[in-house]
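Encoded as structure tokens, the structure appears first; notes follow it.
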Amino acid sequence: MDPEKEIHELKQKIDQAKAMRYKAEARLEELQKQRQSLLDELAKLNVKPEDLDKEIGKISAEIKNLLKKAKDLLPENVGV
Numbered sequence: 114m115d116p117e118k119e120i121h122e123l124k125q126k127i128d129q130a131k132a133m134r135y136k137a138e139a140r141l142e143e144l145q146k147q148r149q150s151l152l153d154e155l156a157k158l159n160v161k162p163e164d165l166d167k168e169i170g171k172i173s174a175e176i177k178n179l180l181k182k183a184k185d186l187l188p189e190n191v192g193v
């Protein structure tokens with residue numbers, strides 16, 4: 114292969130790698146901001162990230178309980 118052509122191809126690959134790196138760094142920064150935003154929102158709700166699954170389970174159970182109570186309050190002869 115012609116050395117000049119090989120050098121040109123290597124430069125193109127380097128430029129492409131630089132562009133990919135820039136995109137990856139930008140994406141990483143975006144994801145870090147999103148993560149911090151979610152952590153801030155959890156802090157406002159007084160929920161620790163490690164307790165999130167437990168909190169979701171608790172809220173799901175509460176929703177089921179409230180739905181059952183609402184159904185129990187409806188008269189039997191009301192059709193849906």
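To convert a position in the sequence shown, counted from 1, into this note's numbering, add 113. Glycine included, every Cβ here is placed at the ideal spot set by N, Cα and C. Predicted model only: the values in this text are computed from it and were never measured.
Reduced DSSP category for residue i - H, G, I as helix; E, B as strand; rest coil
| i | result |
| --- | --- |
| E154 | helix |
| M114 | coil |
| K181 | helix |
| E175 | helix |
| E138 | helix |
| E189 | coil |
Residue i CB to nearest heavy atom of the ligand GDP below 7 Å
| i | result |
| --- | --- |
| R134 | The ligand GDP is not among the ligands present in this structure, which contains no ligands whatsoever. |
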